[in-house]
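Participant: Supplied in structure tokens, the structure appears directly below.
Chains as they are written, first to last, in our numbering: chain A, 47 to 302; chain B, 47 to 302; chain C, 47 to 302; chain D, 47 to 302; chain E, 47 to 302; chain F, 47 to 302; chain G, 47 to 302; chain H, 47 to 302.
Following this line, the structure appears as structure tokens:
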């Protein structure tokens, strides 16, 4: 709930337009909607944090995914459900016929035409990192960004990266997706001026410990300007990158 | 080394202005300087990544800190040495009389007057997180940002945070510094539209495991748009925040 | 075995009513019953610790579950078997036709009508935490408590929680069930006067490490009055909450 | 801020007694006080959570400890600063002459005469666990509880514990403080009806890993009704125990 | 190879009965046999360490298990293959018709009648620990020990254990098998004079971390005289217990 | 308390020689003594578990160590305090003039002449492991064993070990003390028939993680008959070894 | 790209044979080829690092494996794809009919006749380590080495190893493959002069933690000259061993 | 003991030149010497593994270091004691006046003039890694190698590394010493043909966990041909590198 809204409610109370009890209720209840007894949709999240609420698939029953999707779709043209496996999609596709499914990114979504803002580049170290990268890229696109993809340019053949240096340097924010030792984040961070969002992936084996090696590597990067998100969290990286990218075109909140 | 410079060197080779051997040498040697046999200063780092090289104090002898500081100061008005303990400062202060020492941030620095760009806010959960927050705040100031500080507003008394919500919402990027369970990053992330840089601190004890609890908490934040840096890494958070903040005022590299 | 019983046995020995050997036997054997060669049922557990013995499903064969269930049911109206998967239930349902199965809570139980004591509220951060919350809620109900459920009010949309603050403040003890970073436990702990039992869940991925992130977060909570149980341990949280809730209505043991 | 207070502020706004702006301000600012630029004291914490704010010593300068102590003491008769080492106490004792220091519990405090509520028992496995136990016991006393101490009754000589069983069974809530393998929590939990708060201590060596062994042991207790707090967190255990103990004598919040 | 044998070979060399080359060969080759190119059977292991070589199933193909079993059976009446799943057994049972399979212990074996030595008792905390306990018990029996079983006497109902104290005190060596927090090992260790072998099991969930909680608990036992083996390693516990039990009846090696 | 004693107390109650209340008291109080309010000495531990209670130094104040030592010495000729640093010894030596201090083993003790039983051998991998080995060796000697020492025979020069093979094979139980990778335990375990007690030490650095590498190595030993104790726990290894060694000379408890 | 090639490109620029733009392009683009949008093949990797690029199977779709294999095969007679499961092979074998599949090593490959260089020996502790050993052995053979195999000679029967000592001492580099405690690496390292590459395997259970025990053991080896690769990384060990083995026959790069 | 020596001893036994008992003794005792009761020097280690025994300082008393140093020096011109702190050196320097101390490498040594073999290059990421690099470099020099040093060329300014590429490519084996995220090992491994020995250092903080981040990074390197040693183990890296470097100049053992 933003300041403006608090002020409006209180002014309504002050003017007698609504009662004190109604004011208390308004302060709490407005921006959400209960779905069954299992979910409380936060319809104001876009206003407050810049994006609509997103459905994280794992741990939800198929029934729950469908119901929340429908409720969100009632009020938003763009709906995004992440980590939807192909098996789950097969079970629910008939009930959400207007939604599109991307099997690489494992995202189920609807989107409206919108103008895209240039500025985000997604880079991967290897081919195996692409599903996470596509989760990031598609999310960023749904959030209104045009995304450049540079895949399979890991440091074991570092000239593949250098070949794309001019492209990297055009970016406003770069998402580096890498498993194994995750060195690509440090190398990219040392070559560019823009912020770098590092996404460790669980690609690897043995002492990789399901992405821990890349995670620690990225957190300890000797390069400056690298922020890290959770292992395999392409979605989270895209959220952060989109917020950064849109800063340039946002008017100050104070200005309206 | 940016593309421009590679092109210039190659054009000089092409024109015969310099020999092939000189060209090879130029490609490699230009942007660095050896100090003793222990350091290679990267004088072009500012051009390439946006900041001059910074001295990380631990693991260096006092002699090495002084020498590198002097070399950097020869070519840059702004020099920053981080993690300089008061004991080390006592030993080297006479040799670097023009430098200023901030004992809370543990930073030794020189700075020129410069115009500061508004947009960065640093928030802490507790009083014990302030040294890390000050490392972040002072670093961001040395990098040309004006910094708002909001300290001791952790979630055990969450109204302290809400009281500062209007200030938080003015920020272009927020650095959240928190130890213990680090929940403040998630709460702030759920309340604002701008990017959040989360810095776990080692404040805590027992199963905190020197900051691991806050680190994992922040990496797993249920809020969107949170990027994490290393435990106690106020410096790194500031680098990232400054890069984000300056995106708004940067002309495109391609445009010149 | 309580003091009263030790005293009675010894008095019987002292009076000659039973022999010394019988006294020794009585001290050891009374409150238990062997089932096959694989289990020793502790029929006095209710007297000693407040609840009858409970069957923890994993690691037991279906045959063992059925046999122990039957023996417990012979002597107790309320029997509870936890972590019973739907597959196991399918295999044993015909042999325990009087028992009820809750597939969300994964509990198989019988219960008698009983008066329920108000006071326990179960809160979840997300929809994915509901199975653990239902294990807690149903267990608490079987132990004689009326349970209020407040689900999907995590900190990424903190106003959803605040909307339920009046409900939270009615509770005598609150069970907070949360995965990911588990910040909800700290936020609730900072807002209420009553004890909080925090249950980390394994909801999450990557550096969540199967619930470790939420566990550490909750153990390091900056809020006071938070006790933590094992990851996904809804049952254990309910035991503790029920003991706390019933303290108010218990007469002192010394008084009878 | 409790519901009552929100209602009063809103009624004042509704009646015109205060302006809308004043109402907004009142909602945010009332219950806190800034100290220097390093702390925001939460003077209403007692109303909201049952205890006044407590000073956690580590990470604070001596100057900060003194200033916060004084501010809290201005408004509360009972002030508690935890984890104050004897060295720190030596430096600040003259500035806080009215405060008492307990070197075993490492607590600096002031307290008013108050009636104490029976019900809390603190048990330790060994002599080395006593400092943590005393932190718990003294904190509970400052919070208005009478505390029974049963020390050095670990399971390597389990009859020492059984000898105290009648005392244990009188308790309304038991705090078990144990290092090494922490088995005492499970054994006590299996013998009593009341809630058990388990505090792992860092007493031990090698694969104890600074309390991790006892922590995991307690979280995995086979006994019911055991809640765990952080390693060495005697203070936190006392907060939780005191809240539980006082439930019996609290009138319902809804009743006034 | 024992000293006696080295001496015999060297005496044969000294007397000219065998050549130097034959002596070298004899020193190295005698006690082993190659099977295919994948195994080298150590036929002298019984002489050297007290038991014949044992087949550890996991990681071996069914073909390899059968071949090694047959080779061992050619020279030993007692053969033991551990960790043989029912699925594997189904595939190989026809090829080893003389072998017996125990599905609880997951052991495939042959054994000769032999006199059994009393002295080993196997204790479990719960019913779920029985498969590991049976691996231990059956192994110990195959190694010539009579085994007493005391199952499901964990510390949550400690009187179940005390009821069996006279039985426990008859043992020469006790194997304690426990999952969850593993407290039973400490409690038993505090009650008996004989050595205790503690076997942590992976029974549990969440912060049990697949047996780590019980393992650390047992390693940090406050009771004396407790030796620990790997998680779920019933076989290893039995080897150690059998060696200890047989010490009483062994003549000194030096004496023959 | 052994069975004999329980029977005697009950017979006394049965015969009227003592009252029921006295019987209850006798069952609980006899075998312990309170020291100050910080310790409860378990004077019957020797009867129950084979050794008198031992003082573990860390976490105890010097005052506490002295008082417990004196109380134990009043009733036992052999007293053992472990982990007593030279600094602590300096402070308390005058108050315990009859005690002997071993600075390598860090043990303070008194002992009576007693006949020693052969059978225990202590082996170390390196010179740095000797303090832990001496803690084991001296403890075993105080418990009535003659101890053979074989030091610095680690596997990097494995012939040093083979040279002592005849000595190793005379042992009834071997304590292997090793840091770094702890491979010596497996190698010794593969060469001897008797039980092996493995003590990992914290000798090493880096990924040794304070003894974790050796601990895991020993727990995963491919050799049979190896039991492990805590890192650096020479004392615990000696307790176990002594119990094993004395089994040969113990009359059956049932026989008297 | 080697120095020679940089020089040639620059000379071409200098001579006007190619333009500056062509020179820049040549510097970057030459040694790689894009496959679809998911891979960038590094065709010069052999020149730069000694081997052609290798396909790591996991994380790639079957389609991607086939396409990259075909592209590599177009330019290299020897192609190697590692970690190809039998299931994947079944799906792709018809599309790559010229390739050979080794089910033990899980490698799909093509190879040309080539002369093999003696010098590499692969040793395993157990039979279960053979798949990793075969991955190493076959990789080394494809890289032009003749490989000696010595399997199942672990330290629990150390004479099996000593029997092969003459064979071990012929090696120029030894790959030791071992799970469980991995002690074999230290023992071999203490017996030979040549470099040892240690490969921990995930063979084991419980506190083995999927190979961590062997990994830490090998990293902490008390023997000199041991280098470690990732858990189960037979391929990586072979790369390193082959590079070492070929050093003897390489002419100096400077010499041509 | 090499094969030659075993053969000689056995021939002496066969010929009657020595008795069987003398033969047994010779097989065991020859290559070692006891020092006090705390060390067994392995004088044949050079013959067997290529280097004389080395003294690892930590865990040894100053007296032990001096005695072992003297004994080794009696038989070897080159003696090396590692991890000798300046404080220890101050205490022992007068007793070993002929030894040289290097305070950066923390090595105390004696060396004879010897011809050095070119081929080893030591590279560091930062200035703080130099002490570990110098331990490696000096060790390698004492083992007969000429060492090239390339320091402070980490990936945050990757052109510093590329500038030295011609030097890197001259090496026969490269030791890469790096802390923080250790990415330098992967980058160097991707650029050169020769074997790379990676040494993680403990330089870093927070989630570096004392070198764990760099260690995992290096073990998971996407580049081929990288072997890893323990954290900060410059000595071990040098041993391995020297063995590799000397392979070229070794005659086959079989040839003499």
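Positions of the beta carbon are idealized from the N, C-alpha and C atoms, including for glycine. Remember, predicted model here, so these are calculated numbers, not experimental data.
Got a sec: is the Cβ-Cβ distance from residue 75 (chain D) to anything in chain B below 8 Å?
Facilitator: Here residue 75 (chain D) is taken as the residue at index 29 of the fourth chain, counted from 1. Because the pLDDT at residue 75 (chain D) is just 45, under 50, the model does not fix this residue reliably, and the value given afterwards should be weighed accordingly. Taking Cβ atoms only, chain B reaches closer than 8 Å to residue 75 (chain D), which makes this a yes.
Participant: Please decide whether residue 100 (chain H) counts as near chain E, where near means a Cβ-Cβ distance under 8 Å.
Facilitator: Sequence index remark: in the eighth chain, residue 100 (chain H) carries index 54 (1-based). It does not; no Cβ of chain E falls within 8 Å.
Participant: Mind checking which residues open and close the beta strand (DSSP E) that includes residue 135 (chain E)?
Facilitator: By 1-based counting over the fifth chain, the position of residue 135 (chain E) is 89. Note, residue 135 (chain E): premise wrong, no beta strand (DSSP E); alpha helix (DSSP H) at 132 to 138.
Participant: Which chain A residues sit within Cβ distance under 8 Å of residue 294 (chain B)?
Facilitator: Locating residue 294 (chain B) in the second chain gives position 248, where the first residue counts as 1. Chain A residues near residue 294 (chain B): 293, 294.
Participant: Output yes if chain H places a C-beta closer than 8 Å to the C-beta of residue 63 (chain E); else output no.
Facilitator: As a first step, residue 63 (chain E) must be located in the fifth chain, where it is residue number 17. Closer than 8 Å: no.
Participant: Can you list, in chain order, the residues of its chain whose CB lies under 6 Å from that of residue 145 (chain E), leaving out five sequence neighbours each side?
Facilitator: As a first step, residue 145 (chain E) must be located in the fifth chain, where it is residue number 99. Within the same chain, residue 145 (chain E) has close Cβ partners 154, 156.
Participant: Helix, strand or coil: how does DSSP classify residue 300 (chain E) here?
Facilitator: Position 254 of the fifth chain, counting from 1, holds the residue named residue 300 (chain E). In this prediction, residue 300 (chain E) scores a pLDDT of 42, lower than 50, which makes its location untrustworthy; no coordinate-derived value is stated.
Participant: Name the residues in the stretch 253 to 267 of chain D whose C-beta lies less than 8 Å from a C-beta of chain F; which are they?
Facilitator: Cβ contacts with chain F come from 253, 254.
Participant: Would you tell me roughly how many angstroms separate the C-alpha atoms of residue 162 (chain G) and residue 190 (chain G), rounded to the nearest one?
Facilitator: Position 116 of the seventh chain, counted from the start, is the residue given in the question as residue 162 (chain G). Position 144 of the seventh chain, counted from the start, is the residue given in the question as residue 190 (chain G). Taking the straight line joining both Cα atoms gives about 5 Å.
Participant: Below 8 Å on C-beta distance, what does residue 110 (chain H) contact in chain F?
Facilitator: Looking up residue 110 (chain H) in the eighth chain gives position 64. Under the 8 Å cutoff, chain F gives 173.
Participant: From this set, A:230, A:296, A:269, A:88, which residue's C-alpha is nearest residue 169 (chain A)'s C-alpha?
Facilitator: Taking the first residue of the first chain as position 1, residue 169 (chain A) is located at position 123. Of A:230, A:296, A:269, A:88, the residue nearest in Cα terms is A:230.
Participant: Unbroken alpha helix (DSSP H) runs of length 4 or more, entirely within the stretch 214 to 280 of chain D: which are they?
Facilitator: Here the runs fully enclosed are 229 to 235, 258 to 265.
Participant: Using CA coordinates, which residue listed in F:132, F:133, F:85, F:122 is at the minimum distance from residue 113 (chain F)?
Facilitator: Translated into the one-based positions of the sixth chain, residue 113 (chain F) becomes position 67. Considering only alpha carbons, the answer is F:85.
Participant: With DSSP collapsed to three states, give me the class of residue 102 (chain D).
Facilitator: Indexing the fourth chain from 1 puts residue 102 (chain D) at position 56. Residue 102 (chain D) falls in the strand class under three-state DSSP.
Participant: Using DSSP with H/G/I as helix, E/B as strand and the rest coil, what is residue 152 (chain B)?
Facilitator: Along the second chain, one-based indexing puts residue 152 (chain B) at 106. It is coil, neither helix nor strand.
Participant: Please list, in chain order, the chain C residues whose beta carbon lies closer than 7 Å to that of residue 176 (chain E).
Facilitator: As a working note, residue 176 (chain E) is residue 130 in the fifth chain. Result: 84.
Participant: For residue 63 (chain D) and residue 220 (chain D), I'd like the C-alpha separation in whole angstroms.
Facilitator: Position 17 of the fourth chain, counted from the first residue, corresponds to residue 63 (chain D). Position 174 of the fourth chain, counted from the first residue, corresponds to residue 220 (chain D). Those two C-alpha atoms are separated by around 50 Å.
Participant: Taking all protein chains shown into account, do 16 or more other C-beta atoms lie within 10 angstroms of the C-beta of residue 180 (chain A), making it buried, or fewer, making it exposed?
Facilitator: In the first chain, counting from the first residue as 1, residue 180 (chain A) sits at position 134. Classification for residue 180 (chain A): buried.
Participant: Please go through the same chain and pick out, in chain order, the residues whose beta-carbon is closer than 7 Å to the beta-carbon of residue 108 (chain A), but skip the five residues on each side of it.
Facilitator: Taking the first residue of the first chain as 1, we reach residue 108 (chain A) at position 62. Counting only Cβ-Cβ distances below 7 Å, and skipping sequence neighbours, we find 134, 137, 138.
Participant: Residues in its own chain within less than 6 Å of residue 294 (chain H) by CB, not counting five upstream and five downstream?
Facilitator: On the eighth chain, position 248 is the one that residue 294 (chain H) refers to. Cβ within range, chain order: n/a, list empty.
Participant: Got a sec: is the Cβ-Cβ distance from residue 47 (chain C) to anything in chain F below 8 Å?
Facilitator: Your numbering for residue 47 (chain C) matches position 1 in the third chain. With a pLDDT of only 44 at residue 47 (chain C), under 50, the local geometry of the prediction cannot be trusted, and the value read off the model is given with reservation. Taking Cβ atoms only, chain F never reaches closer than 8 Å to residue 47 (chain C), which makes this a no.
Participant: Exposed or buried, which one is residue 55 (chain B) when buried takes at least 16 other CB atoms within 10 Å?
Facilitator: The residue given as residue 55 (chain B) occupies position 9 in the second chain. Classification of residue 55 (chain B): buried, given that the 10 Å Cβ count is 16 or more.
Participant: Flag residue 125 (chain G) as yes if its beta-carbon sits less than 8 Å from any beta-carbon of chain F, otherwise no.
Facilitator: Within the seventh chain, numbered from 1, the residue matching residue 125 (chain G) stands at position 79. Not closer than 8 Å to any Cβ of chain F, the Cβ of residue 125 (chain G) fails to qualify, so no.
Participant: Consider the Cβ of residue 104 (chain H): report whether some Cβ of chain G lies at a distance smaller than 8 Å.
Facilitator: Numbered from 1 along the eighth chain, position 58 holds the residue referred to as residue 104 (chain H). No, residue 104 (chain H) does not count as interfacial toward chain G.
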